[in-house]
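> Mapping to our numbering: the sequence shown position 222 is 297, numbers consecutive.
All C-beta atoms, glycine included, are put in the ideal place defined by N, C-alpha and C.
Right, I'll just put the structure down here and ask away after.
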Amino acid sequence: MAAPLTSSPVAPDDLVVRSFDSAKAKLALPYRLWVPRDYVQAKRYPLLIVLHGVGERGTDNVAQLANGVLAFCAPALQKRKPAFVVYPQCPPSARWVEAPWADGRYSVEKTPQSKPLTALMELVDSLQAEFTLDPKRLLVSGLSMGGQGTWDLIARLPERFAGAMPVCGSGDPEQAARMKRVPIWAFHGARDEVVPVAGSRLMVEALKQAGGRVRYTEYPAVGHAAWDRAYADRKAVDWLLSQKQR
Numbered sequence: 076m077a078a079p080l081t082s083s084p085v086a087p088d089d090l091v092v093r094s095f096d097s098a099k100a101k102l103a104l105p106y107r108l109w110v111p112r113d114y115v116q117a118k119r120y121p122l123l124i125v126l127h128g129v130g131e132r133g134t135d136n137v138a139q140l141a142n143g144v145l146a147f148c149a150p151a152l153q154k155r156k157p158a159f160v161v162y163p164q165c166p167p168s169a170r171w172v173e174a175p176w177a178d179g180r181y182s183v184e185k186t187p188q189s190k191p192l193t194a195l196m197e198l199v200d201s202l203q204a205e206f207t208l209d210p211k212r213l214l215v216s217g218l219s220m221g222g223q224g225t226w227d228l229i230a231r232l233p234e235r236f237a238g239a240m241p242v243c244g245s246g247d248p249e250q251a252a253r254m255k256r257v258p259i260w261a262f263h264g265a266r267d268e269v270v271p272v273a274g275s276r277l278m279v280e281a282l283k284q285a286g287g288r289v290r291y292t293e294y295p296a297v298g299h300a301a302w303d304r305a306y307a308d309r310k311a312v313d314w315l316l317s318q319k320q321r
């Protein structure tokens, strides 16, 4: 799933290199942090979590910046909608969700929250204590394994999130009623042979039946790499950074 960094006016070195030691999960979570260039403590900012795919796991604290995800740090976007963006890196032997993505769905009730996501939410609490972040503007996006992680977070913690953008992921349709108040824009390629497109279709249909606030973009001729188009969609990334809890 790994891919070279797409062309961007933002480079990895423009992000702060950090690591978080989680007491709850008992693991170290490397992460990169984008801090708005004109950050002032008198203003509250959104915080966006971006979750990478399986091919970007590791400890180098750079692989997770591939696949176009630096689009959220683009100067033009940040000028209009300044936001903090955190890019955690999942350990090599773990997953954001310890469930097979090839099935296109899984049960949240039968799947404990993973240690990396536990550490991540502990990190979020730490960042909210360190910076002046708006608790009503916590956002999440992710691709492939990270798309599954995105669905998982808003299923388990819907009250925390103001918006979500899962890309070629899968979730638990039985949780649709819990997450129906979270604005969601999902993306998937119709020819995906890694994570079945049914993974997104099932979630979107369940959310519609539950009265959820969901959008869905399916690319007819695209395989697994739906992120190439999703993160290049200026309307979509702008939409996500515009979300706020009502």
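1. Which one of F159, P233, E184, G224 has the shortest CA to CA distance from G244?
2. Give me the Cβ distance between D227 and V160, rounded to the nearest whole Å; I'm assuming they're in contact under 8 Å.
3. If distances are taken between C-alpha atoms only, which option among L315, V289, P271 comes closest to L152?
4. Using 8 Å as the Cβ pair cut-off and three pairs as the minimum, do the stretch 268-278 and the stretch 111-124 touch?
5. Which first and last residues belong to the beta strand (DSSP E) in which S94 is found?
6. Where P271 and V92 are concerned, what is the direct C-alpha to C-alpha distance, given to the nearest angstrom?
7. Taking R170 as the reference, give the member of D308, G128, G264, V242 with the closest Cα.
8. Assign H127 to one of three DSSP states: helix, strand, or coil.
9. Under three-state DSSP, which class holds P79?
10. For the stretch 228-235 against the stretch 287-296, do three or more pairs of beta-carbon atoms, one drawn from each stretch, fall closer than 8 Å, so that the two count as touching?
11. Enumerate in chain order the residues of its own chain whose CB-to-CB distance from G179 is below 6 Å, with the five nearest sequence positions on each side excluded.
12. Should R155 go down as buried or exposed, given a rule of 16 or more other Cβ atoms within 10 Å for buried?
According to the structure data:
1. As a first step, residue 244 is located in the sequence shown; it is residue number 169 there, counting from the start. Nearest C-alpha to G244: G224.
2. As a position in the sequence shown, residue 227 is number 152, starting the count at 1. As a position in the sequence shown, residue 160 is number 85, starting the count at 1. Rounded, the Cβ-Cβ distance is 19 Å, inconsistent with contact.
3. As a first step, residue 152 must be located in the sequence shown, where it is residue number 77. For L152, the nearest C-alpha among the options comes from L315.
4. With the cut-off at 8 Å, the stretch 268-278 and the stretch 111-124 do not touch.
5. On the sequence shown, position 19 is the one that residue 94 refers to. That run of the beta strand (DSSP E) goes 91-97.
6. The count along the sequence shown starts at 1 and reaches residue 271 at position 196. The count along the sequence shown starts at 1 and reaches residue 92 at position 17. Rounded to the nearest whole angstrom, the C-alpha separation of P271 and V92 is 34 Å.
7. For the purposes of this step, residue 170 is taken as residue 95 along the sequence shown, with counting starting at 1. It is G128 whose Cα lies nearest to the Cα of R170.
8. On the sequence shown, residue 127 is found 52 positions in, with the first residue counted as 1. When DSSP states are grouped into helix, strand and coil, H127 belongs to the coil group.
9. Here residue 79 corresponds to residue number 4 of the sequence shown, with the count starting at 1. With a pLDDT of 37 at P79, under the threshold of 50, the modelled position of that residue is not reliable, and the figure given next carries that caveat. P79 falls in the coil class under three-state DSSP.
10. Contact fails: fewer than three Cβ-Cβ distances are below 8 Å.
11. Within the sequence shown, residue 179 is the residue found at index 104, counting from 1. For G179, where only same-chain residues beyond five positions count, the Cβ hits under 6 Å are S245, P271, A273, G274.
12. Translated into the one-based positions of the sequence shown, residue 155 becomes position 80. The residue is exposed, with fewer than 16 neighbouring Cβ atoms inside 10 Å.
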